[in-house]
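J.:
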Ligand code: HEM
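Now the structure itself:
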């Protein structure tokens, strides 16, 4: 069991903590009316909040999870724990620069504007380091499981996303480069699709293909359905993003057809994935579904809802009007929702490993992982969160900024509530109540990088 606690990723929990702080700060800005829908989409406040959400919240969350998850699926360690820390520092400092740069450009301060590409370069570096750290064990693992292959594909889209972002930043902040790079800005939708789709969605699918069967005792082998989801989603996102970017320079009809085919292929992949997720729930051996996976059903429903809305808006040529709502549903409903629900299991699991993993079998009472949470306290927060997201999306579609912010109050309250529950799990609060042991923070695992 000592080996178990040695396999803990040292920087995963600190990355989750940074992610949750960034998430709450972004929500605070949205509540204060600094972003869409109170402000237009491409204003400094909205762009800064979008990147606080996608980099500060989702990227931290996903990389933190992958630093723990990749060694488990490959049975190989990360290249180095210190490189995980380097990623954390590069991303957080780069994000601060980007946010400053967005506001600098918005306020017309050319000096501050350069913080956008400088911050973007730091984020780019942090991503490259993470790709190395995660990619090496994945590439060395034979045979590589489906989740591992999906993560590798996702990493390629991540590199594309940050490369495009950095080019946009240089186009906006460096006048000497603007003539060459400015046309690329027309591809901002492809930057968003590569990031939210090719990277986050594909990787979230990969992680769910591992975590759901693991905690519900369902078959991990997804067979032809899982492979088809991977191939179709990869082809669909690549076609949609590639053709979309090519359309920046050419209005040729085949490119429009290729882009639409890419979107259609992605829609098929999403439908197949959701069907496969239903199969996992149905074929589970554990009769009672734990709170985090009951709540995760809402996140999967939001993936379906967001995709259906995107198709509907595309067919009726209303894509640009509805794009912010689709981004909101994807970031808060699907990816953020799945992240919050899985954290409700991952935090107690890592806490349990780091605190009790090495003492198991040496006598003394050892609580179970589920003793570290109290589901009847946690579950209502999930209900409130998803209700707030659903109502917020409706208000966003109706163009009601006040209504949207009122719904976001529910989302923020629920996020706070969940943060307290994660904190309690980490501190052993409920285990202490159940087993009368003193509350204490687990030591971070001391594995050296
Ligand atoms: C996972 C990584 C990323 C994701 C998912 C992402 C997502 C997005 C989204 C959704 C938008 C549209 C926002 C809106 O219209 O309000 C956007 C715009 C933008 N992003 Fe990113 N982004 C990422 C990384 C980056 C990086 C590293 C940079 C570098 C500085 C960057 C620079 C930009 C810029 C400059 C825009 C605005 C372009 C314009 O003026 O139209 N992004 N991004």
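Residue numbers (my numbering): 94 to 542.
For glycine and all other residues, C-beta sits at the position ideal for the given N, C-alpha and C.
(1) How long is the line joining the alpha carbons of residue 218 and residue 188, rounded to whole angstroms?
(2) Taking the C-alpha atoms as reference points, what is the distance between residue 120 and residue 476?
(3) Please determine if the region 296-305 and the region 342-351 are in contact, where contact requires at least 3 C-beta pairs separated by less than 8 Å.
(4) For a test of your reading of the model: does the CB of residue 134 fall under 6 Å from any non-hydrogen atom of the ligand HEM? Yes or no.
(5) Are there any heavy atoms of the ligand HEM lying less than 6 Å away from the beta-carbon of residue 333, as far as the coordinates show?
(6) Please determine, among 273, 522 and 355, the residue with the shortest C-alpha to C-alpha distance to residue 286.
(7) Which residue wins for smallest C-alpha separation from residue 381, given the options 523, 273, 310 and 131?
(8) Suppose the cutoff is 6 Å on Cβ atoms and the five residues either side in sequence are ignored; what does the same chain contact list for residue 426 look like?
(9) Kindly confirm or deny that the region 145-156 and the region 415-433 touch, where touching means at least three C-beta pairs closer than 8 Å.
(10) Along the alpha helix (DSSP H) that carries residue 382, what are the first and last residues, could you check?
(11) Could you check whether residue 206 and residue 266 sit closer than 7 Å to each other, using their CB atoms as the reference points?
(12) Once you ignore the five residues that flank residue 362 on each side, which residues in its own chain have a CB closer than 7 Å to its CB?
(13) Nearest to residue 243 by CA position, among 366, 371, 439 and 103, is which residue?
(14) Looking at residue 396 and the ligand HEM, is the gap between the Cβ and the nearest heavy atom below 6 Å?
(15) What are the uninterrupted segments assigned as alpha helix (DSSP H) that are 4 or more residues long and contained completely in the region 284-334, given in chain order?
(16) The ligand HEM and residue 149: does any heavy atom of the ligand fall closer than 6 Å to the residue's C-beta?
(17) Give every residue of the same chain whose Cβ lies closer than 6 Å to the Cβ of residue 542, excluding the five residues on either side of it in the sequence, and list them in chain order.
(18) Between residue 225 and the rest of its own chain, which residues show a CB-CB distance below 8 Å, the 5 nearest in sequence each way excluded?
(19) Mapping the DSSP letters down to three states, classify residue 472 as helix, strand or coil.
(20) How is the alpha helix (DSSP H) around residue 517 delimited, first residue to last?
(21) Consult DSSP for residue 233 and reduce its assignment to one of helix, strand or coil.
(22) Taking contact to mean at least 3 C-beta pairs separated by less than 8 Å, is the region 461-478 in contact with the region 505-525?
(23) Do the CB positions of residue 464 and residue 527 come within less than 7 Å of each other?
(24) Taking only three categories from DSSP, how would you classify residue 202?
(25) Less than 8 Å between the CB atoms is what I'm expecting for residue 291 and residue 239, so what's the real figure, rounded?
(26) Is residue 216 close to the ligand ADP? I mean its beta-carbon at under 6 Å from any heavy atom of the ligand.
(27) Determine whether the Cβ of residue 467 lies closer than 7 Å to any Cβ atom of chain D.
(28) Are the beta-carbon atoms belonging to residue 468 and residue 392 less than 7 Å from one another?
(29) Identify whether residue 129 lies in helix, strand or coil by the three-state DSSP scheme.
(30) Where does residue 445 fall in DSSP's three states?
(31) What first and last residue would you give for the alpha helix (DSSP H) that runs through residue 107?
(32) Say the cut is 6 Å; is the CB of residue 288 nearer than that to a heavy atom of the ligand HEM?
(33) If you draw a straight line from the C-alpha of residue 258 to the C-alpha of residue 142, how long is it?
(34) Nearest by alpha-carbon distance to residue 501: which of 398, 193 and 118 is it?
(35) When DSSP labels each residue in this structure, what does residue 424 get in the three-state scheme?
(36) For the alpha helix (DSSP H) containing residue 411, name the first residue and the last one.
T.: Here's the rundown:
(1) 12 Å
(2) 18 Å
(3) no
(4) yes
(5) no
(6) 355
(7) 310
(8) 395 and 482
(9) yes
(10) Run containing residue 382: none; DSSP gives neither H nor E here.
(11) yes
(12) 322, 325, 326 and 329
(13) 366
(14) no
(15) 295-309
(16) no
(17) At residue 542 the pLDDT is 34, less than 50, meaning the model places this residue with poor confidence and gives no usable figure here.
(18) 172 and 176
(19) helix
(20) 494-520
(21) helix
(22) yes
(23) yes
(24) coil
(25) Incorrect: roughly 17 Å between the Cβ atoms, too far for contact.
(26) The ligand ADP is not among the ligands present in this structure, which contains only the ligand HEM.
(27) Note that chain D does not occur in the displayed structure, where there is just one protein chain.
(28) no
(29) coil
(30) helix
(31) 105-124
(32) yes
(33) 15 Å
(34) 118
(35) helix
(36) Here residue 411 belongs to no alpha helix (DSSP H), and DSSP marks it neither H nor E.
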